[in-house]
Structure formats: C-alpha cells, structure tokens
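Residues -12 to 82 in our numbering are what the sequence shown lists, from first letter to last. Working notes for the structure below.
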Amino acid sequence: GLKPVHRRILYSMSELNLTPDKPYRKSARIVGDVLGKYHPHGDIAVYYAMVRMAQDFSTRALLVDGHGNFGSVDGDSPAAMRYTEAKMSKLSLEL
-12 GLKPVHRRIL YSMSELNLTP DKPYRKSARI VGDVLGKYHP HGDIAVYYAM
38 VRMAQDFSTR ALLVDGHGNF GSVDGDSPAA MRYTEAKMSK LSLEL
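In structure tokens, the structure reads:
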C-alpha cells in the first residue's frame, strides 16, 4: 500500500484537479497545498515522496507524471521544486 504522505499527495492533486488531461502545475504549489492542509512535516520530505512517485526507476507504476528534472538512476538528485512541474498519471485516477 501507499504511505500516508503518498495518499495525501495524490488526494491533494485530485483536489487541485491535476488530472492527466490538464496542464502541469508547479511542484512547489502542490507541495505547499499538501503541507498547508494535510501533512505539516516538512516540504523536502513531501517533495521527495512526490519525486519518487514520478521516477520510472523507483516504482513499478508511475502515479505522478513529472515534467522537468526528477533525478536519474545514476544518483543525480532532482531539481528544486520551483523548477519542476507535475500532474496525476492515468493510473493514479484508478486509485
């Protein structure tokens, strides 16, 4: 199953109406919404949880469709949240 932070991110993205047919939104906006409403534990923890859901080499199925530098298999870290954008993947609508 998903950890609470993952569920809160997906719920927040669904509340922001970030479905696959809509344009990408800044990751900082998504993280801020999650922190403000559902998960007051630190922005970096929330952002890295969202990044892992967007990395095709970290999980079997992508739950977040990321746009920008979300890291690499070689250990390169993702770009700061102000430079990346995201929306829900088609699979995450099934949850």
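Beta carbons are placed, not taken as given, at the ideal position from N, Cα and C, and that holds for glycine.
May I ask which residues mark the beginning and end of the beta strand (DSSP E) holding residue i?
i   : result
V51 : 51 to 54
With which residues is residue i paired in a DSSP beta bridge?
i   : result
M75 : V51
R12 : A73
When the distance is taken between beta carbons, is residue j closer than 8 Å to residue i?
i   : j     : result
I17 : L(-3) : no
Y70 : N56   : yes
V38 : M75   : no
L5  : R12   : yes
Exposed or buried, which one is residue i when buried takes at least 16 other CB atoms within 10 Å?
i   : result
D43 : exposed
A32 : exposed
K24 : exposed
A67 : exposed
S45 : exposed
Just how far apart, CA to CA, sit residue i and residue j?
i      : j   : result
V84    : H26 : With the chain covering only -12 through 82, there is no way to say anything about residue 84.
V21    : S14 : 11 Å
E72    : M40 : 13 Å
D8     : G62 : 31 Å
G29    : G53 : 21 Å
S79    : G19 : 20 Å
L(-11) : R47 : 13 Å
For residue i, report the span of its alpha helix (DSSP H) as first-last.
i   : result
A36 : 30 to 41
E2  : -9 to 2
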